[in-house]
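Numbering (the working numbering), first residue to last: 1227 to 1416.
The structure under discussion appears below in the form of structure tokens.
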């Protein structure tokens, strides 16, 4: 399928999920992450914060476990109109405010930003992914540009409520492949 069709179909599928499924599936994804990846090996972990109105995977569960049980620095993005993102440490006193897309972002962003080259692992939002490891997001390219700035060895983990499609037909040179995608049923490795 083409990205535009996948975007429309999977946004609708996600919007139709009841809150109880979102909570349950998010918990299963959390459990797979901590059961399957050596999280203690990663010093800097970048994650997105979920857009609640778009029924995204609840990464707060992952963040809470990282804060409680691991010493990793947690980093979150702030997007800009030019298509770039700045990356800030998530601290207990970070104040979050939703941007125009509904993405919670740091309001009081620390003057200290995190260079993408410092990131060891990225947890990525997506609408759909395929069996080759490519993802479809909302179509703005924020994460592909960010990942291009990261080290080649950064671990890229997508999270999805749904299993993969066979193939995304209109992949281009800017699309960055995932290393893994975690669903409620398990982990896809690419």
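Where is the CB? At the ideal position from N, CA and C, for every residue including glycine.
Between which residues of its own chain and residue 1374 is the CB-CB distance below 7 Å, once the five residues before and five after are set aside? 1402
Nearest-angstrom Cα separation, counted from residue 1396 out to residue 1289: 33 Å
Taking 7 Å as the threshold (beta carbon to beta carbon), is residue 1371 in contact with chain B? Of the protein chains in the structure, only one exists, and it is not chain B.
Expected contact under 8 Å - CB spacing of residue 1387 and residue 1243 to nearest Å: 7 Å
By DSSP's criteria, residue 1406 is part of a beta bridge. Which residues make up the other side? 1383, 1415
Taking Cβ to Cβ, would you say residue 1404 is nearer than 7 Å to residue 1361? yes
If you compare alpha carbons, which of 1367, 1376, 1355, 1407 is closest to residue 1227? 1355
Quick one, which of 1398, 1326, 1412, 1364 has its alpha-carbon nearest residue 1236's? 1364
At which residues does the alpha helix (DSSP H) containing residue 1375 begin and terminate? 1368-1375
Limits of the beta strand (DSSP E) - the one that residue 1301 falls within: 1299-1305
Find the nearest neighbour of residue 1305 within the set 1352, 1325, 1231, judged by alpha-carbon distance. 1325
Within a Cβ cutoff of 8 Å, which residues of the same chain sit near residue 1249, ignoring the five residues on either side of it in sequence? 1284
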